[in-house]
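Peer 1: Residue numbers (this note's numbering): 3 to 266.
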Amino acid sequence: MDRANVAACWEANAETWTRQARAGYDLYRDALNTPVFLANLPPIAGLAGLDIGCGEGGNTRKLAERGARMTAVDIAPTFIRHAREAEAEKPLGIAYLEGDGTALPFAAGSFDFATAFMSLMDMHRHDLAIGEAARVLKPGAFLQFSILHPCFAPPYRKVLRDEAGNVRAIEVGRYFDGIDGEIESWHFGAAPAEVKASVERFRVPRFHRTLSEWVAMVVGAGLAIEHMAEPRVDAQTAQAVPYLADTHIAPLFLHIRARKGAAA
Ligand SMILES: C[S@@+](CC[C@H](N)C(=O)[O-])C[C@H]1O[C@@H](n2cnc3c(N)ncnc32)[C@H](O)[C@@H]1O
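1) Where do the ends of the beta strand (DSSP E) carrying residue 218 lie?
2) Does residue 177 come out as helix, strand or coil in the three-state DSSP assignment?
3) Would DSSP call residue 50 helix, strand or coil?
4) Which same chain residues, not among the five before or five after residue 245, have their C-beta less than 7 Å away from its C-beta?
5) Who pairs with residue 158 in a beta bridge, going by DSSP?
6) Which value, in whole angstroms, describes the spacing of the CA atoms of residue 44 and residue 265?
7) Beta carbon of residue 50, beta carbon of residue 113: below 9 Å?
8) Starting from residue 183, trace the alpha helix (DSSP H) both ways and give me its first and last residue.
9) Could you give the C-beta distance for residue 139 and residue 116, rounded to a whole number, given that I count them as a contact under 8 Å?
10) Would you call residue 172 buried or exposed, if buried means 16 or more other Cβ atoms sit within 10 Å of its Cβ?
11) Should residue 221 go down as buried or exposed, given a rule of 16 or more other Cβ atoms within 10 Å for buried?
12) Would you give the residue range spanned by the alpha helix (DSSP H) that residue 235 belongs to?
13) For a test of your reading of the model: does the CB of residue 76 fall under 8 Å from any non-hydrogen atom of ligand 1? Yes or no.
14) If you draw a straight line from the alpha carbon of residue 213 to that of residue 248, how long is it in whole angstroms?
15) Roughly how many angstroms lie between the CA atoms of residue 20 and residue 58, to the nearest whole one?
16) Can you say whether residue 158 is buried or exposed, counting buried as having 16 or more other CB atoms within 10 angstroms of its CB?
17) By the DSSP assignment, the alpha helix (DSSP H) with residue 86 in it spans what residues?
18) What do you get for residue 233, buried or exposed, if any count of 16 or more other CB atoms within 10 angstroms of its CB means buried?
19) Less than 8 Å between the CB atoms is what I'm expecting for residue 62 and residue 78, so what's the real figure, rounded?
20) Can you tell me where the alpha helix (DSSP H) with residue 282 in it begins and where it stops?
21) Please report the distance separating the alpha-carbon of residue 126 from that of residue 120.
22) Compute the beta-carbon to beta-carbon distance between residue 259 and residue 215, rounded to the nearest angstrom, for a pair I have assumed lies under 8 Å.
23) Kindly indicate which residue of 17, 253, 15 and 164 has the alpha-carbon position closest to the one of residue 154.
24) Following a CB-centred definition, is residue 104 positioned closer than 8 Å to any heavy atom of ligand 1?
25) Pick out whichever of 237, 194, 40 and 124 has its Cα sitting closest to the Cα of residue 209.
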């Protein structure tokens, strides 16, 4: 699938996605993924940062609240419009631009750090996206990103439960299928049934690469991996918030921080 088709899918998702994410239905993001991402982020106060694939901008705002001078790009104009409206309502100095993560509209060496929250794996060319992120970083700067875990969320994934409904195991398959734009249709699982019934499912183009291919792309872009994380909930939270319980058994997300050489 090419760039234009990916952009069209995300533009079609953007209105409902923004409304539902802001209503708290992107529970994996808000309750697990973003808190772990931020906990593992080096200090960013005063730094110039780029958030790649920012969506409605909620995570970009968290970076700005930590004192970073943020720029953010997304391919879907409706996401950028919503992000700008939130910025206008409560300014944090964020510049939101419509832009393609695989061809960033910035000069080489423009940023002290870059982030990509659950977006690189949605881009039509992961290699170009990582290469572009590396290009716009200053020497010594870092890229931190989260993706669907290549090992535990490949194209086939099923959560297996026991008779009481407790998560018992994760079944995975098609790990070596390098898919390029297979459409997955889904709702935010945490949305109430009546909310789900009132809107079309999201249509998300899936691109899958193996763990070793991800590492090869990062290293090939001239970045050195310095930190990785696999967010999970503890047993108590799994019991209290069954929606997140799968991450107590095996990770759904992978976080990587990688740094550009100081001499680059
Ligand atoms: C799963 S959403 C994540 C959004 C946001 N980072 C968050 O955490 O809420 C993936 C985002 O990647 C964006 N995206 C997909 N392909 C892109 C590309 N080539 N360039 C920029 N953004 C892209 C989509 O529009 C969407 O906003």
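Even for Gly, the Cβ is constructed at its ideal location relative to N, Cα and C.
Peer 2: Taking the coordinates as given:
1) Here residue 218 is taken as the residue at index 216 of the sequence shown, counted from 1. The continuous stretches of beta strand (DSSP E) do not include residue 218, which lies in the alpha helix (DSSP H) extending over residues 213-222.
2) Here residue 177 refers to the residue found at position 175 when the sequence shown is read from its first residue. Per DSSP, reduced to three states, the secondary structure at residue 177 is coil, with no helix or strand assignment.
3) Locating residue 50 in the sequence shown gives position 48, where the first residue counts as 1. When DSSP states are grouped into helix, strand and coil, residue 50 belongs to the strand group.
4) Locating residue 245 in the sequence shown gives position 243, where the first residue counts as 1. Correct list, in chain order: 29, 191 and 192.
5) Position 156 of the sequence shown holds residue 158. Bridge partners of residue 158 according to DSSP: 175.
6) Reading the sequence shown from its first residue, position 42 is the one you call residue 44. Reading the sequence shown from its first residue, position 263 is the one you call residue 265. Rounded to whole angstroms, residue 44 to residue 265 spans 20 Å at the Cα level.
7) Within the sequence shown, residue 50 is the residue found at index 48, counting from 1. Within the sequence shown, residue 113 is the residue found at index 111, counting from 1. Contact flag set, yes.
8) On the sequence shown, residue 183 is found 181 positions in, with the first residue counted as 1. Not the alpha helix (DSSP H): residue 183 falls in the beta strand (DSSP E), residues 182-188.
9) Position 137 of the sequence shown, counting from 1, holds the residue named residue 139. Position 114 of the sequence shown, counting from 1, holds the residue named residue 116. About 6 Å separates the two Cβ atoms, so the contact holds.
10) In the sequence shown, the residue the question calls residue 172 occupies position 170. It counts as buried.
11) In the sequence shown, residue 221 corresponds to position 219, counting from 1. With fewer than 16 other Cβ atoms within 10 Å, it is exposed.
12) Here the question's residue 235 lines up with position 233 in the sequence shown. Where residue 235 is concerned, there is no enclosing alpha helix (DSSP H), given that its DSSP letter is neither H nor E.
13) Here the question's residue 76 lines up with position 74 in the sequence shown. Yes.
14) Here residue 213 corresponds to residue number 211 of the sequence shown, with the count starting at 1. Here residue 248 corresponds to residue number 246 of the sequence shown, with the count starting at 1. Their Cα atoms are separated by approximately 20 Å.
15) As a first step, residue 20 must be located in the sequence shown, where it is residue number 18. As a first step, residue 58 must be located in the sequence shown, where it is residue number 56. Taking C-alpha positions only, residue 20 is separated from residue 58 by approximately 6 Å.
16) Sequence index remark: in the sequence shown, residue 158 carries index 156 (1-based). So residue 158 ends up on the exposed side.
17) Numbered from its first residue, the sequence shown carries residue 86 at position 84. Its alpha helix (DSSP H) spans residues 79-91.
18) Working through the sequence shown from its first residue, we reach residue 233 at position 231. Buried: at least 16 other Cβ atoms inside 10 Å.
19) Residue mapping note: residue 62 aligns to position 60 of the sequence shown, counting from 1. Residue mapping note: residue 78 aligns to position 76 of the sequence shown, counting from 1. The C-beta distance from residue 62 to residue 78 rounds to 14 Å, too long to fall under 8 Å, and the pair is not in contact.
20) The requested residue 282 does not occur in the structure, where the chain is confined to residues 3 to 266.
21) Position 124 of the sequence shown, counted from the first residue, corresponds to residue 126. Position 118 of the sequence shown, counted from the first residue, corresponds to residue 120. Cα to Cα, the separation comes out at about 14 Å.
22) By one-based count along the sequence shown, residue 259 stands at place 257. By one-based count along the sequence shown, residue 215 stands at place 213. Between residue 259 and residue 215 a beta carbon distance of about 18 Å is seen, past the 8 Å cut, so the two are scored as non-contacting.
23) As a working mapping, residue 154 is identified with position 152 in the sequence shown. If we check each option's Cα against that of residue 154, 253 comes out closest.
24) Counted from its first residue, the sequence shown places residue 104 at position 102. Because some heavy atom of ligand 1 lies under 8 Å away, the Cβ of residue 104 counts as near it: yes.
25) Taking the first residue of the sequence shown as 1, we reach residue 209 at position 207. For the residues 237, 194, 40 and 124, the minimum Cα distance to residue 209 belongs to 124.
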